[in-house]
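Below: the structure, in structure tokens.
Protein chains: 2
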Amino acid sequence: MNKTPVFKVVVLGARGGLHEDNLSAYLVAPVESTSYISLDAGTILAGIRKCLEKGGFDDIKTPESSNLTPDGWILQKHVKAHLISHTHLDHVAGLVLNAPDGSKKNILGIKQTIDHLRDHLFNWKVWPNFSNEGDGFQLKKYRYIRLKPEQEYKINQTAMTVKAFKLSHCGYPSTAFWVGAEDQYLLYFGDTGPDALEKTNSIGKVWDYSAPFIQNKRLRAIFIEVSFPDPRADDQLFGHLTPSWMVHELKRLSSRISTQNTKKPLEGITVIVTHIKSTFDKNIKVIQTIKEQLDELNDLGVKFIIPEQGERFYL
Amino acid sequence: MNKTPVFKVVVLGARGGLHEDNLSAYLVAPVESTSYISLDAGTILAGIRKCLEKGGFDDIKTPESSNLTPDGWILQKHVKAHLISHTHLDHVAGLVLNAPDGSKKNILGIKQTIDHLRDHLFNWKVWPNFSNEGDGFQLKKYRYIRLKPEQEYKINQTAMTVKAFKLSHCGYPSTAFWVGAEDQYLLYFGDTGPDALEKTNSIGKVWDYSAPFIQNKRLRAIFIEVSFPDPRADDQLFGHLTPSWMVHELKRLSSRISTQNTKKPLEGITVIVTHIKSTFDKNIKVIQTIKEQLDELNDLGVKFIIPEQGERFYL
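Protein chains in written order, with this note's numbering: chain C, 651 to 965; chain P, 651 to 965.
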């Protein structure tokens, strides 16, 4: 695999619960650009501040002539769009709460995602209508873009493209985003249950699409959720994955790739483990447990990363 | 005034914007009790953690026999109910996001508040239905209690009472809570514009009710918002107060109290300044500015406190 990085990622929020200030949101840009998108928007500003504390925004300098604080500068000038996998609050709270102080930008999602934002959040009941559709006066800070599944869109003000694939999250419509820059790609899964339990082929269709790109070494990384450690009863998954279910899905991907060149088709692929749900049980170290379970299951040669809020990495 | 404190307060969240991890939520209990209510619920668990870091929960010890972490113990065992002034997300995000991991408790609010929670948040579109009403399967973690305005209710599992008064927040229904323990009281305002601009007498009715309690030295403190510093055009207030409008409202209260015993009827009353909205303008120190403006305007003898997340004080 070509080791020169194509993408950079800033982790604004990494977890799937019990951390209302650290919920799914990943800034992504091509390495040479400072025009980021966010993949989901659970935590935005608190994550930008955490990354500033850690010294991670070394690609962005607030001009001295600007009145803006560094966090304000980044939110207003360098976050160009939000891609939302679904409207559960842990994926959109940051986008809603920061609307008054952000800049104009687009929100991209499938129809159901946008409709729920319009009807239940930006409706003057839960929050002023900062969008360009729906009830009452429209403050037009955000512009909704409905993505038709499996069609490629340019993301305005960035050098990236996106293609949405529908997922099933306990029957609820969720989304995977296939994000491109030049001819290289990232794959981001929103919350999803395993196909076998959701009784769909949603993830399978994403794997069908992905397989040739892996063969051509054009997929850089997969962001995919593991909400709970093993063992967990199937009827207690609520549309999420465990290490064993996630690796099971990766094996479905692997099996789609011709092995003429290698015995391990996913060797070297980076898999970023999102949406881990913490617990109040003081005897359970969830992150460590999931990491150990994934390492134990990893006969695919993939590289698992459990991201931490405020960190930056290159893919 | 009797100086023996009657109430204790833990500040879980203190601001009105730009801090998605520090939004309006105040734990309150009688001094001898560890059964708290929260007044609003913008930030819950992040605030509990901040207070634990600062050593502020010295009244609560997690038993060694419990499996729970200290933050989990406090959330599950010592937060007995949420009183919600209105459903704007900066006042309820913590209650929604922490629902999966909290314990069963009641949510108290006026009808509109509860209806909006039911219809737009706990509706299986924005979040699973953790309540006991509304769409789909009801997980029944929370039980809704609709408070009729100006009627006193006991708050279950606590030694406190509450009476709700309607407020107008740019025309949106908001609430003031009159919270009692023994024969002493706190007054908490949710977001509100000044009566003169909202064209109501909502705050006036609260003052009518409050005046005799102040005369009898039975009101310990007033929590009231100042969202923006002066000067700010009336048509840019969006249902909020400035220092000058807040002091104007306090003067309306003062004028309702007979002055036979003192020239300053509000002398010694604690006024806790909530919901300050920060700004990205690096040249504006909002908190310091509001503090100075309030001190300048303070010919009432009240004691202004600008609360900080994670701190505890006694009233």
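Ideal Cβ positions, reconstructed from N, Cα and C, are used throughout, including at glycine.
When L739(C), K755(C), M896(C) are compared against H732(C), the one with the closest alpha-carbon:
Translated into the one-based positions of the first sequence, residue 732(C) becomes position 82. Per the Cα distances, K755(C).
Near R962(C), what residues of its chain come up, given a Cβ to Cβ distance below 7 Å and the 5 sequence neighbours on each side ignored?
Counted from its first residue, the first sequence places residue 962(C) at position 312. Spatial neighbours of R962(C) in its own chain (CB-CB distance under 7 Å, excluding positions within 5 residues in sequence) are listed in chain order as K658, V659, V660, C701, G706.
Would you please verify whether the beta carbon of Y964(P) is less than 8 Å from any beta carbon of chain C?
Locating residue 964(P) in the second sequence gives position 314, where the first residue counts as 1. No, no contact with chain C.
Would you say N933(C) faces chain P, with C-beta separation under 8 Å as the test?
For the purposes of this step, residue 933(C) is taken as residue 283 along the first sequence, with counting starting at 1. Yes, N933(C) counts as interfacial toward chain P.
To which residues of the same chain is M651(C) closer than 7 Å at the C-beta, ignoring the five residues directly before and after it?
If you number the first sequence from 1, residue 651(C) lands on position 1. Per-residue confidence for M651(C) stands at a pLDDT of 47, beneath the threshold of 50, marking its modelled position as unreliable; the derived number appears in the next sentence. So the qualifying residues of the chain are K867, G918.
Quick check: what's the CA-CA separation for K927(P) versus F878(P)?
Position 277 of the second sequence, counted from the first residue, corresponds to residue 927(P). Position 228 of the second sequence, counted from the first residue, corresponds to residue 878(P). Distance from the CA of K927(P) to the CA of F878(P), rounded to the nearest whole angstrom, comes to 6 Å.
Just to check my reading of the structure: L689(P) and Y838(P) have Cβ atoms closer than 8 Å, yes? What is that Cβ distance to the nearest angstrom?
By 1-based counting over the second sequence, the position of residue 689(P) is 39. By 1-based counting over the second sequence, the position of residue 838(P) is 188. About 5 Å; that satisfies the 8 Å criterion.
Bounding residues of the beta strand (DSSP E) (the contiguous stretch that carries H766(P)):
For the purposes of this step, residue 766(P) is identified with residue 116 of the second sequence, where counting begins at 1. That residue, H766(P), is in no beta strand (DSSP E); its alpha helix (DSSP H) goes 761-766.
If distances are taken between C-alpha atoms only, which option among A664(P), E714(P), H728(P) comes closest to S685(P)?
The sequence position of residue 685(P) within the second sequence is 35, counting from 1. Restricting attention to A664(P), E714(P), H728(P), the CA atom closest to the CA of S685(P) is found in H728(P).
Give the single residue among A749(C), H669(C), S735(C), L677(C) whose Cα lies nearest to the Cα of G722(P).
Counted from its first residue, the second sequence places residue 722(P) at position 72. Of the listed residues, the one whose Cα sits closest to G722(P) is H669(C).
Is the beta carbon of G663(C) less than 8 Å from the beta carbon of A675(C)?
Working through the first sequence from its first residue, we reach residue 663(C) at position 13. Working through the first sequence from its first residue, we reach residue 675(C) at position 25. For G663(C) and A675(C), yes; Cβs fall inside 8 Å.
Taking 8 Å as the threshold (C-beta atoms), are I874(P) and T929(P) in contact?
One-based indexing of the second sequence puts residue 929(P) at position 279. One-based indexing of the second sequence puts residue 874(P) at position 224. Not closer than 8 Å, so no.
Under 9 Å Cβ-Cβ, which residues of chain C neighbour F930(P)?
Position 280 of the second sequence, counting from 1, holds the residue named residue 930(P). The answer, in chain order, is N717, L718, T719, D721, G722, W723, L725, Q726, D751.
Does DSSP classify G722(P) as helix, strand or coil?
One-based indexing of the second sequence puts residue 722(P) at position 72. Looking at G722(P) - three-state DSSP - the assignment turns out to be helix.
Min CB distance D885(C) to chain P below 8 Å:
Here residue 885(C) corresponds to residue number 235 of the first sequence, with the count starting at 1. Cβ-Cβ to chain P under 8 Å: no for D885(C).
May I ask you to list, following chain order, the residues of the region 758-771 of chain C that have a beta carbon less than 7 Å from some beta carbon of chain P?
The residues in question are H766, H770, L771.
Taking all protein chains shown into account, do 16 or more other C-beta atoms lie within 10 angstroms of the C-beta of P844(P), making it buried, or fewer, making it exposed?
Taking the first residue of the second sequence as 1, we reach residue 844(P) at position 194. Burial call: buried.
Suppose contacts are defined by Cβ-Cβ distances below 8 Å. Is I734(P) in contact with A691(P) by that definition?
The sequence position of residue 734(P) within the second sequence is 84, counting from 1. The sequence position of residue 691(P) within the second sequence is 41, counting from 1. Their beta carbons are under 8 Å apart, which means I734(P) touches A691(P) by this criterion.
Taking the straight line between their C-alpha atoms, what separation do you get for G744(P) and S683(P)?
Along the second sequence, one-based indexing puts residue 744(P) at 94. Along the second sequence, one-based indexing puts residue 683(P) at 33. In a straight line, the C-alpha of G744(P) is about 23 Å away from that of S683(P).
Can you tell me whether DSSP reads Q834(P) as helix, strand or coil?
As a first step, residue 834(P) is located in the second sequence; it is residue number 184 there, counting from the start. Correct three-state label for Q834(P): strand.
Whole-angstrom distance between V829(C) and A871(C), CA atom to CA atom:
Here residue 871(C) corresponds to residue number 221 of the first sequence, with the count starting at 1. Here residue 829(C) corresponds to residue number 179 of the first sequence, with the count starting at 1. Each residue's Cα considered, the two are about 10 Å apart.
Apart from the five residues just before and just after G759(P), which ones in its own chain have a Cβ nearer than 6 Å to its Cβ?
Counting from one through the second sequence, the residue named residue 759(P) turns up at place 109. So the qualifying residues of the chain are I734.
Quick check: is the beta carbon of V660(P) nearer than 8 Å to any beta carbon in chain C?
Here the question's residue 660(P) lines up with position 10 in the second sequence. No, V660(P) lies away from the interface with chain C (no Cβ there is under 8 Å from its Cβ).
Check each residue of the region 834-853 of chain P: if its Cβ is closer than 7 Å to any Cβ of chain C, include it; give the result in chain order.
Contacts with chain C (Cβ-Cβ distance below 7 Å) from the region 834-853 of chain P involve no residue at all.
Answer with yes or no whether the minimum CB distance from N782(P) to chain C is below 8 Å.
Residue 782(P) sits at position 132 when you count from the first residue of the second sequence. Residue-level contact by beta carbon fails for N782(P) and chain C, as no gap is shorter than 8 Å.
When DSSP labels each residue in this structure, what does P862(P) get in the three-state scheme?
Taking the second sequence and counting its residues from 1, the one referred to as residue 862(P) is at position 212. If DSSP states are grouped into helix, strand and coil, P862(P) belongs with the helices.
Using the C-alpha atoms, what's the distance from Q762(C) back to S852(P)?
By one-based count along the second sequence, residue 852(P) stands at place 202. By one-based count along the first sequence, residue 762(C) stands at place 112. Going by C-alpha positions, S852(P) is about 39 Å away from Q762(C).
Are there 16 or more other CB atoms within 10 angstroms of the CB of V656(C), so buried, or fewer, so exposed?
Counting from 1 along the first sequence, the entry for residue 656(C) is found at position 6. Counting Cβ neighbours within 10 Å, V656(C) comes out buried, since at least 16 surround it.
Can you say whether N933(P) is buried or exposed, counting buried as having 16 or more other CB atoms within 10 angstroms of its CB?
Numbered from 1 along the second sequence, position 283 holds the residue referred to as residue 933(P). Exposed, since its Cβ has fewer than 16 Cβ neighbours within 10 Å.
Could you compute how far the alpha carbon of K790(P) sits from the alpha carbon of F772(P)?
Along the second sequence, read from residue 1 onward, the residue named residue 790(P) stands at position 140. Along the second sequence, read from residue 1 onward, the residue named residue 772(P) stands at position 122. Across the structure, K790(P) and F772(P) are spaced so that their CA atoms are roughly 11 Å apart.
List the residues of chain C whose Cβ lies closer than 7 Å to the Cβ of V746(P), in chain order.
Mapped onto the second sequence, residue 746(P) falls at position 96. The answer, in chain order, is L739.
Is the Cβ of A831(C) closer than 8 Å to any Cβ of chain P?
For the purposes of this step, residue 831(C) is taken as the residue at position 181 of the first sequence. By this cut-off, A831(C) is not an interface position.
Proximity test, Cβ basis, 8 Å: D708(C) and chain P:
As a working note, residue 708(C) is residue 58 in the first sequence. Closer than 8 Å: no.
Closest to V776(C) by C-alpha separation, out of F780(P), P778(P), M810(P), H770(P), would be which residue?
Position 126 of the first sequence, counted from the start, is the residue given in the question as residue 776(C). Checked all of F780(P), P778(P), M810(P), H770(P); the closest Cα to V776(C) is H770(P).
Can you find a CB in chain C that lies within less than 8 Å of the CB of N779(P)?
Position 129 of the second sequence, counting from 1, holds the residue named residue 779(P). Judged by the 8 Å Cβ criterion, N779(P) is not in contact with chain C.
I want to see whether chain C comes within less than 8 Å of K755(P), judged by CB atoms only; does it?
Start at 1 with the first residue of the second sequence, and residue 755(P) comes out as number 105. K755(P) does not count as touching chain C.
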